[in-house]
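These notes concern the structure reproduced below.
2 protein chains.
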Amino acid sequence: MPVTIYDVAKEAGVGIGTVSRAINNSPQISKKTKKRVLEAIKKLKYQPHTVAQSLARKKTSTIACIIPFFTGYFFVELLRGIQRRITDYNYDLILYSVDITHKKETFLERTLQERKVDGVLLVSLEINQKFANRFLRAHFPIVLVDSDSPSLDSISVDNLDGAYMATKHLIDLGYSKIAMIDGQLKSIPARSRFEGYKMALEKFSLSFSDEYFVSCGFETEADGFNKRAGYTAMQHFLQLSENRPRAVFVSSDIQAIGAMEAIKEQGLAIPQDVAIIGFDDIELAQYVGLSTMRQPIRQMGELAVEVLLEKISSESETVFKKEFKTDLVVRETCGGCMHWG
Amino acid sequence: MPVTIYDVAKEAGVGIGTVSRAINNSPQISKKTKKRVLEAIKKLKYQPHTVAQSLARKKTSTIACIIPFFTGYFFVELLRGIQRRITDYNYDLILYSVDITHKKETFLERTLQERKVDGVLLVSLEINQKFANRFLRAHFPIVLVDSDSPSLDSISVDNLDGAYMATKHLIDLGYSKIAMIDGQLKSIPARSRFEGYKMALEKFSLSFSDEYFVSCGFETEADGFNKRAGYTAMQHFLQLSENRPRAVFVSSDIQAIGAMEAIKEQGLAIPQDVAIIGFDDIELAQYVGLSTMRQPIRQMGELAVEVLLEKISSESETVFKKEFKTDLVVRETCGGCMHWG
DNA sequence: TTGAAAGCGCTAACAG
DNA sequence: CTGTTAGCGCTTTCAA
Numbered sequence: 010m011p012v013t014i015y016d017v018a019k020e021a022g023v024g025i026g027t028v029s030r031a032i033n034n035s036p037q038i039s040k041k042t043k044k045r046v047l048e049a050i051k052k053l054k055y056q057p058h059t060v061a062q063s064l065a066r067k068k069t070s071t072i073a074c075i076i077p078f079f080t081g082y083f084f085v086e087l088l089r090g091i092q093r094r095i096t097d098y099n100y101d102l103i104l105y106s107v108d109i110t111h112k113k114e115t116f117l118e119r120t121l122q123e124r125k126v127d128g129v130l131l132v133s134l135e136i137n138q139k140f141a142n143r144f145l146r147a148h149f150p151i152v153l154v155d156s157d158s159p160s161l162d163s164i165s166v167d168n169l170d171g172a173y174m175a176t177k178h179l180i181d182l183g184y185s186k187i188a189m190i191d192g193q194l195k196s197i198p199a200r201s202r203f204e205g206y207k208m209a210l211e212k213f214s215l216s217f218s219d220e221y222f223v224s225c226g227f228e229t230e231a232d233g234f235n236k237r238a239g240y241t242a243m244q245h246f247l248q249l250s251e252n253r254p255r256a257v258f259v260s261s262d263i264q265a266i267g268a269m270e271a272i273k274e275q276g277l278a279i280p281q282d283v284a285i286i287g288f289d290d291i292e293l294a295q296y297v298g299l300s301t302m303r304q305p306i307r308q309m310g311e312l313a314v315e316v317l318l319e320k321i322s323s324e325s326e327t328v329f330k331k332e333f334k335t336d337l338v339v340r341e342t343c344g345g346c347m348h349w350g
Numbered sequence: 010m011p012v013t014i015y016d017v018a019k020e021a022g023v024g025i026g027t028v029s030r031a032i033n034n035s036p037q038i039s040k041k042t043k044k045r046v047l048e049a050i051k052k053l054k055y056q057p058h059t060v061a062q063s064l065a066r067k068k069t070s071t072i073a074c075i076i077p078f079f080t081g082y083f084f085v086e087l088l089r090g091i092q093r094r095i096t097d098y099n100y101d102l103i104l105y106s107v108d109i110t111h112k113k114e115t116f117l118e119r120t121l122q123e124r125k126v127d128g129v130l131l132v133s134l135e136i137n138q139k140f141a142n143r144f145l146r147a148h149f150p151i152v153l154v155d156s157d158s159p160s161l162d163s164i165s166v167d168n169l170d171g172a173y174m175a176t177k178h179l180i181d182l183g184y185s186k187i188a189m190i191d192g193q194l195k196s197i198p199a200r201s202r203f204e205g206y207k208m209a210l211e212k213f214s215l216s217f218s219d220e221y222f223v224s225c226g227f228e229t230e231a232d233g234f235n236k237r238a239g240y241t242a243m244q245h246f247l248q249l250s251e252n253r254p255r256a257v258f259v260s261s262d263i264q265a266i267g268a269m270e271a272i273k274e275q276g277l278a279i280p281q282d283v284a285i286i287g288f289d290d291i292e293l294a295q296y297v298g299l300s301t302m303r304q305p306i307r308q309m310g311e312l313a314v315e316v317l318l319e320k321i322s323s324e325s326e327t328v329f330k331k332e333f334k335t336d337l338v339v340r341e342t343c344g345g346c347m348h349w350g
């Protein structure tokens, strides 16, 4: 039923090789015959069969993106950037979403083995050395986004710097009892943000106190970057009553929103009683007036695709590293700078 | 370099057909040889090449999802449902995201021609009869989600009923000057919601007035279901000053949020001066206390996959139609029912 | 230039 | 049950 390259060849009175040359803009074909073949193609409404092409070319024009779905806005925005570039380059995107039942290892294994995609984008997920090596050995292109690993390409955000700036913002505003709510420390971004926080304290001669730091390690389900975790962590600080921190740097906006709920539930005001600064600049942030550190999410997605496709086509061995900076977005939750209606 | 079925056959001392039978759980193979083959497979770390399988089987175990990216939460939630089921069934999902530069027709054409996927999920997008017929003629499975077309499978929401219930809720609360802000009327859901609104007015003997209806038709970029459209539409109503509506049913939460901003900017209070009810129940809704009609988004996604895969495997010709109902979620923007802290 | 033929790696029909 | 063989639809040498 479907028309094949043989039908076209017959119609045009040429061999199938010639048809192939015509559709692949091979220089090894005369203008004349090419024209004839193209006409036959149009007449028969022929379309090459992608799967057959993939098999013959050993290339699928498809990449995989392995991504955790819990991250809400960050994920959507990143995917938007990825999609845009992917489509520009005429590639296809297979989406693998990691959740409680479907682990990242499953998908890494799958992409590595099935040869259904030419490369993979691993988003916000760590990769262990064993897998990293397997990708390297197989010369299977992979780029990490919002994550990092020494021997692999990666596009990330300078979390340490962002956390430093956030904490510094609080200090600049005059706060000194500054706490931090972080994600699970097994997460690299979480660790870097912790470092940035401590670095800022140190730089401005404020001492770090265990009491003022919660890492949401009790959240086993995910990475701790969720609303409930923020809520619970904040309750911990509020129990300190008069000793409670007057400002807290929260490692993600979604946690910050949970924290804000806890504060309001205690009948306390933001920022008068407790100031809050988040991280991410998710869409919700502007609605609740949350000051935060913005990540250039879309750009990260676009760049990731560019790097991956470059890797696929060039086979170059150099590892690519790019670290974006974050921007401070001042809104209402830190006080001090309130200059709007 | 990569190990093929021939290597396994040689290692196990059998023919390639036997190897194929072993990996495809064919009943036509003895336990004994199967065991031997499986061992050889393990020893050589053999993995079937998906692309080759696809070509031979004429089946790709992949489906496409064509979806507009502007819909934010609705989209994420739906995709979550889709992903879950897709993974359960061991299928892959290729994502095509429609935006200003990349039109749905491009992707419909692509899926239809390239034979890279076994079926397609068309989300929140209309399909014209010409394309519908092409899919039908090609026996190419397609299911519409949050959309409809007479001859194709579809999973949608009872927008008319939802709009009716929303409007009725306002009426029950005692409002009579009830306006509506809708998306572009070229959108089917927008039209149905308009019908539901009018039907409720009529049922309770309130008269419909042009002045109290704005369809965001001036928004050319997209479907009008966005924040700015809601903001602008609400400004229109507020210009009526004392004649302004006292309640408005807004066709989507995101527009409702824009409308709420316009109201607050005028120094008016919600719901005291103007009550608002939305549609969708996006995540933001709960943060701003927006009463709204909830759509069972995740379930729609899951069902869509089930229906599509069923269609792919069974070749049945019966068209499947499912219409979910919406649920009223009462929060703070309509007044009357405020019974929480 | 062009046609013929040999794969790409696998499935499935066909003999035995 | 199992091996052999003929495709699946295309790309790519290799001669001519």
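Which chain is which? The protein sequence lines are A and B, in order. The numbering of the first sequence is my numbering, which starts it at 10 and goes up by one. The numbering of the second sequence is my numbering, which starts it at 10 and goes up by one. Ideal Cβ placement from N, Cα and C applies to all residues, glycine included.
Check	Outcome
Considering only residues of the region 146-230 of chain B, which uninterrupted alpha helix (DSSP H) runs meet the minimum length of 4 residues and lie entirely inside it, listed in chain order?	168-181, 197-212
Does any residue of chain A have a CB that is nearer than 8 Å to the CB of Leu-247/B?	no
Per the DSSP calculation, Pro-254/B is bridged to which residue(s)?	None, per the DSSP bridge assignment.
With a 10 Å radius around its C-beta and 16 neighbouring C-beta atoms as the bar for buried, classify Asp-157/A as buried or exposed.	buried
Taking the beta carbon of Tyr-15/A as the centre, do at least 16 other beta carbons fall within 10 Å, making it buried, or is it exposed?	exposed
If you reduce the DSSP assignment to three classes, tell me which class Ala-284/B lands in.	strand
Where do the N-terminal and C-terminal ends of the alpha helix (DSSP H) with Ser-29/B fall, by residue?	25-32
Under 9 Å Cβ-Cβ, which residues of chain B neighbour Glu-341/A?	The contacting residues do not exist; Glu-341/A stays about 14 Å from chain B at best.
Taking a Cβ distance cut-off of 7 Å, strictly less, list which residues of the region 117-141 of chain B are near chain A, in chain order.	Gln-122, Glu-123, Arg-124, Lys-125
Identify the residues that DSSP records as bridge partners of Thr-301/A: which are they?	Val-338/A
Name the chain A residues that come within less than 7 Å of Ala-61/B, Cβ to Cβ?	Leu-64
With a threshold of 6 Å on Cβ separation, who are the neighbours of Gly-22/B within its own chain once the five nearest residues in sequence on each side are excluded?	none
Consider the Cβ of Tyr-296/A: report whether some Cβ of chain B lies at a distance smaller than 8 Å.	yes
Quick one: is His-178/A near chain B, going by C-beta distance under 8 Å?	no
Quick one: what does DSSP say Leu-329/B is sitting in, helix, strand or coil?	According to the sequence shown, residue 329/B is Phe rather than Leu. In this structure, Phe-329/B counts as coil in the three-state DSSP scheme.
Suppose you measure from the CA of Arg-237/A to the CA of Pro-280/A; what does that come to, to the nearest Å?	21 Å
So what's Tyr-105/B in DSSP terms, helix, strand or just coil?	strand
With a 10 Å radius around its C-beta and 16 neighbouring C-beta atoms as the bar for buried, classify Glu-332/A as buried or exposed.	exposed
Let me know the secondary structure DSSP gives Ala-141/A once reduced to three states.	helix
Comparing the C-beta of Gln-359/B with each C-beta of chain A, is any distance below 8 Å?	With chain B covering 10 to 350 only, the question about residue 359/B has no answer from this structure.
What's the gap between the Cα of Ile-136/A and the Cα of Ile-151/A?	11 Å
Which chain B residues sit within Cβ distance under 9 Å of Ile-103/A?	Thr-71, Asp-101, Leu-102, Ile-103, Leu-104
Does the beta-carbon distance from Gly-183/A to Gly-345/A come in below 8 Å?	yes
Short of 8 Å in beta carbon distance, which residues of its chain neighbour Asn-99/B, apart from the five on each side in sequence? Order them along the chain.	Ser-70
Could you tell me the alpha carbon to alpha carbon distance between Met-347/A and Met-302/B, rounded to whole angstroms?	The predicted position of Met-347/A is uncertain, since its pLDDT is 39 and thus under 50; a value taken from the coordinates is nonetheless stated next. The alpha-carbon atoms of Met-347/A and Met-302/B are separated by roughly 35 Å.
If we count the other Cβ atoms within 10 Å of its Cβ and call it buried at 16 or more, is Arg-146/B buried or exposed?	exposed
Let's test the definition: count the other Cβ atoms within 10 Å of the Cβ of Leu-87/A and tell me whether it reaches 16, buried, or not, exposed.	buried
Going by DSSP in three states, Ile-75/A sits in which element: helix, strand or coil?	strand
Within 8 Å, do at least three Cβ pairs link the region 167-181 of chain B to the region 193-210 of chain B?	yes
Closer than 8 Å by C-beta to Pro-57/B: which residues in its own chain qualify, once you throw out the five before and the five after it? Chain order, please.	Ile-14, Ile-32
Span of the alpha helix (DSSP H) holding Leu-53/A?	40-53
Would a check of beta-carbon distances place Lys-89/A closer than 8 Å to chain B?	Looking at the sequence provided, one finds Arg at residue 89/A rather than Lys. Cβ-Cβ to chain B under 8 Å: yes for Arg-89/A.
What does the alpha-carbon distance come out to for the pair Arg-255/A and Asp-336/A?	23 Å
Of all the residues that make up the region 286-310 of chain A, which are near chain B by a beta-carbon distance shorter than 8 Å?	Glu-292, Leu-293, Tyr-296, Val-297
Does DSSP classify Asp-290/A as helix, strand or coil?	coil
Along the chain, where does the alpha helix (DSSP H) that runs through Gly-310/A open and close?	306-323
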